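Heads up: the structure comes next, in structure tokens.
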Amino acid sequence: MIAVAATLALALFLLQAVSTAASPSYILAAAAPQRVLNATAERREVVVVHTGTVNLTELFLNGTARPGWLKNISSPPSTEYCPLQTAACPQLLNMTAYDVHYNSAPLNASGGGSQPAAAVRAALSWHLALGAAGAALYGYGLYLSACSGPLCRWRRFKAVMPLSVATVLISAALSAASPFYLALAAPGVWGVAHYYKARRRLALWLSSTLT
Amino acid sequence: MAKFDVDVIARILLALLQGPMGRTALYMRTKLNYPRFVQYLEYLKERGLVAERDGAVRLTEKGVEVAKALDKALSELL
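As they're listed, the protein sequences go chains V and U. When the count follows the working numbering, it moves up by one through the first sequence with no breaks and lands on 214 for the last residue. When the count follows the working numbering, it moves up by one through the second sequence with no breaks and lands on 1098 for the last residue.
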């Protein structure tokens, strides 16, 4: 139970860490994030305000913001830095920047206004969390099975369960790469079923012996 | 009395299969709290699987038989 709880905690922690790490580094450096909803025609949501040097290359290429979303509040609010032409921009600007996300689909967007990048990122973070949980359970299974002596057989028998669950979780995690990886879950499912069946049989035999 | 876990009983029997051991050493192996460990020990004594003599807990003939059968079943399973 402790191992399962620790695994779930690790998975949730990683899930949170991944969603945080998806933001550019300057967002992490912001001391006190402000949340301001600006319901303009494009329904922009200002998530973080950061004052200081902003690396535009990072912002545009690796960040979540897009060209044209960067505003300078020390200038008139509507002035955009580097709209759509990042190549012509200076690399570093000492300014106050907004990391702007669409709260919902832009009003003028075509194609239904979905957020494919965010959806893919969320799905990937779930897959990563599943993979991490699987790896943790795999480690626990190895820990259980690394032993010697007569008591070791029992520990190895118990290790079947976490190792099987780890197989299922890791195959689910790998299904992000290809759904064919889900086939790897079959031995894991068989292992779980085999474990429960064997344990139940042993319990029945032992209780009949003891009574 | 509470229900007994097959996991703990198997651990006690298999640990004692290695040879007699002191009550404290066995208690440490079972990873139970002491009152619960005593309950398990009394339960196994009542069933004639273990006996305690000179401060050491050991398997009876019936206990050795059951522990060996359990060991064999596990080796078949794995």
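All residues carry an ideal CB built from backbone N, CA and C; glycine is no exception. The structure displayed is predicted, hence computed values, not measured ones.
Buried or exposed for Gly1083(U), going by 16 or more other Cβ atoms inside 10 Å? Buried is the call here.
Bridge partner(s) assigned by DSSP for Gly1042(U): When DSSP reads this structure, Gly1042(U) sits in a beta bridge with Ala1076(U).
Where does Ala1030(U) fall in DSSP's three states? Ala1030(U): helix per DSSP, three-state reduction.
Proximity of Ala1030(U) and Trp157(V) at Cβ, strictly below 7 angstroms: yes
Thr170(V) CB to nearest chain U CB: under 7 angstroms? no
Answer yes or no: does any C-beta atom of chain V fall closer than 7 angstroms to that of Val1028(U)? no
Assigned secondary structure, Ala179(V) (DSSP; H/G/I helix, E/B strand, else coil): If DSSP states are grouped into helix, strand and coil, Ala179(V) belongs with coil.
Can you round the beta-carbon distance between Gly144(V) and Ala169(V) to whole angstroms, since I take them to be within the 8 angstroms contact cut? Between Gly144(V) and Ala169(V) a beta carbon distance of about 6 angstroms is seen, short of the 8 angstroms cut, so the two are scored as contacting.
With 7 angstroms as the threshold, decide whether the Cβ of Trp193(V) is near any Cβ in chain U. Answer no: the Cβ-Cβ gap between Trp193(V) and chain U never drops below 7 angstroms.
Rounded separation between Ser128(V) and Asp1027(U) - CA only: 36 angstroms
Ala1071(U) (DSSP reduced to helix, strand or coil): strand
Through-space distance from Gly142(V) to Ala179(V), alpha-carbon basis: Taking the straight line from one Cα to the other gives about 22 angstroms.
So, is Gly134(V) buried or exposed, given that buried needs 16 or more other C-beta atoms within 10 angstroms? It is buried - the Cβ of Gly134(V) has at least 16 other Cβ atoms within 10 Å.
Between the segment 1037 to 1045 of chain U and the segment 1072 to 1079 of chain U, can you find at least three pairs of beta-carbon atoms closer than 8 angstroms? Three or more beta-carbon pairs separated by less than 8 angstroms link the segment 1072 to 1079 of chain U to the segment 1037 to 1045 of chain U, which places the two stretches in contact.
Between Gln1059(U) and chain V, is the shortest Cβ-Cβ distance under 7 angstroms, so that the two count as touching? no
8 angstroms contact criterion, which Leu172(V) and Leu140(V) should meet: CB distance rounded: About 7 angstroms separates the CB atoms of Leu172(V) and Leu140(V); that is less than 8 angstroms, so the two are in contact.
Can you check whether the CB of Lys161(V) is closer than 7 angstroms to the CB of Leu147(V)? yes
From the DSSP output, in three-state form, read off Ser151(V) for me. coil
Residue-level contact to chain V via CB, Ala1045(U), 7 angstroms cutoff: Ala1045(U) does not count as touching chain V.
Between the alpha carbons of Asn1053(U) and His197(V), how many angstroms are there, rounded? 31 angstroms
Going by CA-CA distance only, name the one from Lys1023(U), Arg1049(U), Asp1025(U) that's closest to Ala1035(U). Arg1049(U)
Does any C-beta atom of chain V lie closer than 7 angstroms to the C-beta of Leu1094(U)? yes
Same chain, Cβ closer than 8 angstroms to Glu1096(U), neighbours up to 5 away in sequence not counted: none
If we define contact as Cβ-Cβ less than 7 angstroms, is Val1086(U) a contact residue for chain V? yes
Contact set between the segment 1061 to 1086 of chain U and chain V, restricted to residues whose Cβ is under 7 angstroms from the partner: Per Cβ criterion, the list reads Arg1067, Val1086.
Quick check on Leu1061(U): does DSSP put it in helix, strand or coil? helix
For Ser210(V), count neighbouring Cβ atoms within 10 angstroms of its own Cβ and tell me buried if that reaches 16, exposed if not. exposed
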